[in-house]
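Chains as they are written, first to last, in my numbering: chain F, 80 to 431; chain Z, 10 to 138.
Just so you know, even glycine gets a beta-carbon here, dropped at the ideal spot from N, CA and C.
Computed from a prediction, not measured in an experiment: that's the story for all the values here.
Have a look at the structure below, then the notes.
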Amino acid sequence: MSATADRIQNEVERAIQRSIKGLEYFSSPAPVVGHTPKDVVFERGTLHLYHYRPVADEIYRIPILIVMATSNRGYILDLAPGQSFVEYMIGRGYDVYLIDWSPPTAADSELRFEDYTLRFIPECVQRVRDDSGESDVTVIGYCMGGVLSVMWAALHPDDQPANLVCFTTPIDFSRMELFAKWSDRRYFDVDKLVDSTGNVPSELIFTGFEMLRPATRIAGQITLWENMWDESFVRSFRAFERWSTDTLPLAGEYFRETIKELIWENRLHKNELVIGGRRADLRSITAPLLHAMAEHDHIVPYAAAKPLIDHVGSADKEEIVLKGGHVSLVAGPNAVKRLWPRLDAWLGVRSV
Amino acid sequence: MADKDKDPLASWRDLLSQWEQNVNAIANRTMGSDEYSSSMNGAMGATLKMQETMRQFMAAYLATANLPSRTEVLGIAERIGGVEARLDRIAVLLERIAAKEPGQATAPPAVSRPRPPRTKSPPSTEPST
């Protein structure tokens, strides 16, 4: 009886707190993200290469270069203290660099796969080598950042990364079923879209992601209201919310190639993709490879990501499938206890 | 389980979760059809056409008012961006030339700040103290 009374009292207090904090929620500014101190190493147009300041007394010999997905901001990997992948990695003694993208300008609409894989990533790898003084570099790619990293590694058989880590990276685009359906060549005129917009608007990219789970935003808002009394929940929710709505436009030609070469023709999966006159043969990848995928990934389903491990020529390769979704695999409380320690255990012994 | 039984909102949360899953599943089935794909892309085509018409109308209006259009302003921004990009490339070349000079093994770090030594070993191989 007493327990029930306590429970009721607790719920009443939470209801009051919800009302007070609900008002604060609507009147407070957006949460601060990307707090870990960093320096700009290199910038070119849409590309920004950052170096995070080491905090450990000694660091691993081999630096890490993270390639962020082109459709989203890199601060998902540096969301909030205690929920930052970058903060975790520098705390564990890694030297971390990150390629982040800003919205492409009209001049960037001509960017193609070859700009990303034969110019941007090689230039950044060289910058990391110069800045760190180490010739070996580990490359970590997230989602389309993983696809670009895989293409880059496949195009450079004689200049492999020390290690290649992919987070939820699609290879068989025919298995990204809804995206494949929506961009069905019988109905989707990608040429008309790109020719008339230049760069593909962020609203279109955002809507594409949202439509995969149309009820999730409403359910999320209800869950937010229910947990409005809990400051840490609200802080985390707002940071994720800010990131998920902060989608980037995509360079027009890059989008056209993604649709035609990857989704329509599935050339990466077939080992037929030609970039800048060179074939991106996945068997040419010989670096140690770790591919981390999420059990409930609605953006890159397991079937779309799975073929990577079979296709590469690496002798040392491993795939892990962890609980979580496309984003919770890499950020938030789920990632803190699952992916990050697994990555640290795999990468530490390969970073000396 | 006992805690869940006492929680008056537990059933509500389960219900919400089930609703979310059901709606997503139904929506995905609907959106995975040929009809949906056809109508969605038809609507997008109509929107693009409307935007193009608006763009042409605004360009004509701004030209009449002797004002630069968005395309023209973006053109100027592009040219400035091009100058910056060229400066970046010159800076890269200068750094590489500097690195080749005697006494410079590699290009200097972008930011000169004391760096910790690169001597860390993974925990399992670290000598116990």
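DSSP beta-bridge partners of residue i
{"i": "E398(F)", "result": "H370(F)"}
{"i": "I218(F)", "result": "It should be pointed out that residue 218(F) corresponds to Val in this sequence rather than to Ile. Partner(s): L144(F) and L243(F)."}
{"i": "V353(F)", "result": "R358(F)"}
{"i": "I178(F)", "result": "L128(F) and V146(F)"}
{"i": "T128(Z)", "result": "BP columns for T128(Z) are empty, so no partner."}
{"i": "L329(F)", "result": "V279(F)"}
Same chain only: Cβ atoms within 8 Å of residue i, ignoring 5 sequence neighbours per side
{"i": "K402(F)", "result": "A373, E374, H375, N413 and R417"}
{"i": "A382(F)", "result": "D251 and R254"}
{"i": "S407(F)", "result": "A373, N413 and A414"}
{"i": "G392(F)", "result": "L361, R362, S363, I364 and T365"}
{"i": "L387(F)", "result": "V229, C245, T248, I250, L361, L368, H370 and E398"}
{"i": "T286(F)", "result": "none"}
{"i": "Q239(F)", "result": "A232, I364, T365 and A366"}
{"i": "W21(Z)", "result": "none"}
{"i": "Q96(F)", "result": "M307 and W308"}
{"i": "A11(Z)", "result": "Note that A11(Z) scores 47 on pLDDT, short of 50, meaning its location in the model is unreliable; the coordinates nonetheless yield the value given after this. Nothing meets the Cβ criterion."}
{"i": "R208(F)", "result": "S214 and V216"}
Cβ shell of residue i (< 6 Å), same chain only, five flanking positions each side left out
{"i": "S430(F)", "result": "Y139 and I141"}
{"i": "G153(F)", "result": "M147, L177 and D179"}
{"i": "W322(F)", "result": "I155"}
{"i": "F192(F)", "result": "E336 and I354"}
{"i": "W343(F)", "result": "R264"}
{"i": "A292(F)", "result": "The amino acid at residue 292(F) is misidentified as Ala; the sequence shows Arg. Same-chain partners within the cutoff: H377."}
{"i": "L71(Z)", "result": "S78"}
{"i": "R148(Z)", "result": "For chain Z, the structure presents residues 10 to 138; residue 148(Z) sits outside this window and is missing."}
{"i": "A424(F)", "result": "none"}
{"i": "D194(F)", "result": "none"}
{"i": "I338(F)", "result": "S262 and V269"}
{"i": "A410(F)", "result": "I155 and L158"}
{"i": "V331(F)", "result": "Before going further, note that residue 331(F) is Gly rather than Val in the sequence given. Closer than 6 Å at the Cβ level, and outside the excluded window around G331(F), lie S188, V273, G277 and N278."}
{"i": "V175(F)", "result": "Y131, I143, V165, M168 and I169"}
Whole-number beta carbon distance between residue j and residue i, since they are thought to touch under 8 Å
{"i": "L303(F)", "j": "F316(F)", "result": "5 Å"}
{"i": "L341(F)", "j": "F252(F)", "result": "5 Å"}
{"i": "G41(Z)", "j": "K260(F)", "result": "5 Å"}
{"i": "V273(F)", "j": "F334(F)", "result": "6 Å"}
{"i": "C245(F)", "j": "H377(F)", "result": "So it is not a contact: roughly 18 Å between Cβ atoms."}
{"i": "E202(F)", "j": "G172(F)", "result": "Not really, about 27 Å apart at Cβ, beyond 8 Å."}
{"i": "G220(F)", "j": "S214(F)", "result": "At roughly 20 Å, the Cβ-Cβ gap does not stay under 8 Å, so G220(F) and S214(F) are not in contact."}
{"i": "R206(F)", "j": "A94(Z)", "result": "Their Cβ separation, rounded to whole angstroms, is 15 Å, which puts R206(F) and A94(Z) out of contact at 8 Å."}
{"i": "M223(F)", "j": "T149(F)", "result": "5 Å"}
{"i": "D395(F)", "j": "P367(F)", "result": "4 Å"}
{"i": "D263(F)", "j": "S46(Z)", "result": "5 Å"}
{"i": "A186(F)", "j": "G90(Z)", "result": "5 Å"}
{"i": "A241(F)", "j": "V216(F)", "result": "6 Å"}
{"i": "G277(F)", "j": "S188(F)", "result": "4 Å"}
{"i": "A135(F)", "j": "A318(F)", "result": "25 Å between Cβ atoms; not a contact."}
{"i": "P110(F)", "j": "I169(F)", "result": "So it is not a contact: roughly 21 Å between Cβ atoms."}
{"i": "A327(F)", "j": "N151(F)", "result": "In the sequence under discussion, the amino acid at residue 327(F) is Leu, which differs from the Ala named in the question. So it is a contact: roughly 6 Å between Cβ atoms."}
{"i": "E87(Z)", "j": "T184(F)", "result": "7 Å"}
{"i": "E29(Z)", "j": "A298(F)", "result": "4 Å"}
Cβ-based neighbour list, residue i, same chain, cut-off 7 Å, excluding 5 preceding and 5 following
{"i": "R357(F)", "result": "L234"}
{"i": "P123(Z)", "result": "none"}
{"i": "R346(F)", "result": "E340 and L352"}
{"i": "G404(F)", "result": "A373, H375, D376 and H377"}
{"i": "D210(F)", "result": "V120 and H130"}
For the region 82-161 of chain F, which segments carrying the alpha helix (DSSP H) assignment without a break, of at least 4 residues, lie completely within its bounds, in sequence order?
none
Which residues of the region 259-271 of chain F have a Cβ closer than 9 Å to any Cβ of chain Z? Give them in chain order.
K260, W261, S262, D263, R265, Y266, F267, D268 and K271
Using a beta-carbon distance cut-off of less than 8 Å, what residues from the region 149-174 of chain F approach chain Z?
G172 and D174
Which residues, taken in chain order from the region 131-143 of chain F, show a beta carbon closer than 9 Å to some beta carbon of chain Z?
R132, P133, V134, A135, D136, E137, I138, Y139, R140, I141 and P142
Report the start-end ranges of each alpha helix (DSSP H) in the region 259-303 of chain F that is 4 residues or longer and not cut off at the edges.
269-276 and 281-291
Proximal residues, the region 123-134 of chain Z versus chain F, C-beta separation under 9 Å:
R124, P125, P126, R127, T128, K129, S130, P131, P132, S133 and T134
If contact means a Cβ-Cβ distance below 9 Å, which residues of the region 20-31 of chain Z contact chain F?
W21, R22, L25, S26, W28, E29, Q30 and N31
Against chain F, which members of the region 70-97 of chain Z pass a CB distance test of less than 9 Å?
T80, L83, G84, A86, E87, R88, G90, G91, E93, A94 and D97
Against chain F, which members of the region 48-70 of chain Z pass a CB distance test of less than 8 Å?
M49, N50, G51, M53, G54, L57, Q60 and E61
Can you list, in chain order, the residues of the region 177-188 of chain F whose Cβ is nearer than 9 Å to any Cβ on chain Z?
T184, A185, A186 and D187
Report the residues of the region 298-313 of chain F with a CB closer than 8 Å to any CB of chain Z, ordered along the chain.
A298, I301, T302 and E305
Give, in chain order, every residue of the region 35-46 of chain Z whose Cβ lies closer than 7 Å to some Cβ of chain F.
A36, N37, M40, G41 and S46
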